[in-house]
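Participant:
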Amino acid sequence: MPTTVFPMLVVLWLVSSSSGCAAEKSDPLANWTAAKAKADQQMTAQFQRQMQSLKANRSLPAETRHRYISDLQVQRTNFIKRQELPAFDFMLPTTIDYLDTLHAAATPIRVQFDRQLEQRVGTPEFDQISAAKALWQQNLPGRDAIAAGAEFHGTRTFLQGNAVDFHFHIRACQHDSFSGQIWQDVHNIGAKTGWAYEAKLEGNRILLTTTKMLHGQPRKLDFRGYIIDRRIVMTLTHKNGKPLTGDLVSIWAK
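Per our numbering, the very first residue in the sequence shown carries number 1217; after that it's consecutive.
1) Per DSSP, which residues does residue 1290 bridge with? Please list them.
2) Within its chain, find whatever has a CB closer than 6 Å to the CB of residue 1432; leave out the 5 residues flanking it on each side and keep chain order.
3) Can you give the Cα-Cα distance for residue 1365 and residue 1390, rounded to whole angstroms?
4) Which one of 1243, 1452 and 1281 has the shortest CA to CA distance from residue 1463?
5) Looking at the secondary structure, which residues open and close the alpha helix (DSSP H) in which residue 1256 lies?
6) Report all residues from its chain with a CB closer than 8 Å to the CB of residue 1461; omit the five preceding and five following residues, and keep chain order.
7) From residue 1295 to residue 1261, what distance separates their C-alpha atoms?
8) Under 8 Å, with one C-beta from each stretch per pair, do the segment 1282-1293 and the segment 1242-1255 reach the 3-pair mark?
9) Mind reading off the beta-carbon distance from residue 1382 to residue 1467? Whole number of angstroms is fine, and I expect it under 8 Å.
10) Restricting to runs no shorter than 3 residues, where is the beta strand (DSSP E) found entirely within the segment 1382-1470?
11) I'd like the span of the beta strand (DSSP E) that includes residue 1367, first residue to last.
12) Once you ignore the five residues that flank residue 1275 on each side, which residues in its own chain have a CB closer than 8 Å to its CB?
13) Between which two residues does the alpha helix (DSSP H) carrying residue 1327 extend?
14) According to DSSP, which residues form a beta bridge with residue 1379?
15) Pick out whichever of 1341, 1244 and 1270 has its Cα sitting closest to the Cα of residue 1306.
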């Protein structure tokens, strides 16, 4: 995770101080840093639990278990050293929980930006705060991959372990919203389902809802997820926004 957040929040603090604003009762940066440290520990522990589970899973051949564990050891090291999130689909629930934690901790920072910008419309400080906000966005690698014409491909996995091909097309973008089409293929039987969708970006968080059925039996879907580098991870959600256990999407930029 880039450390550019630190000078950016120093800028915010200086501008707030120079205007005589009272100090915040809670420090958004300190809260975010603490939340991230705890989430890092949880992710590292999950790597270890997953490796132990694989080692004990004798339903898989020893060669397969050894290969998976070796790959997980590499991914664990990459996470600790470079903050690279795991690529394995069976780590997706933990990955999404991790990103949910960081998103919640970053929300006060985004609120602070909006407050500072609103208070300084028409002043010299506005450009300074705007530049600091752009610096903060560098903490969210992948937002630049959300662009008209972009395509992502991967899989949608269900609780039973079944998986289908998942094709994600972005047709239009405007500020923090975008729209396009989703196509889902069950390749072994040739079934295809398609939807039009609309989505919003909150930081690097994606809130997506389907708006029109393009092919297949009509049904509306809602997803919540994140863009991380050139990968999108999502979970299907209930109407109340809570995740539907086991229904997960992992797709990569083409």
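For glycine and all other residues, C-beta sits at the position ideal for the given N, C-alpha and C.
This structure is a prediction, so every number in the text was calculated from the model and none was measured.
Facilitator: Let me spell this out:
1) DSSP, once it has assigned bridges, lists no residue as partnering residue 1290.
2) 1409
3) 13 Å
4) 1452
5) 1244-1272
6) 1375
7) 12 Å
8) no
9) 6 Å
10) 1393-1402, 1407-1418, 1421-1431, 1438-1444, 1447-1453 and 1459-1469
11) 1367-1373
12) none
13) 1308-1335
14) 1373
15) 1270
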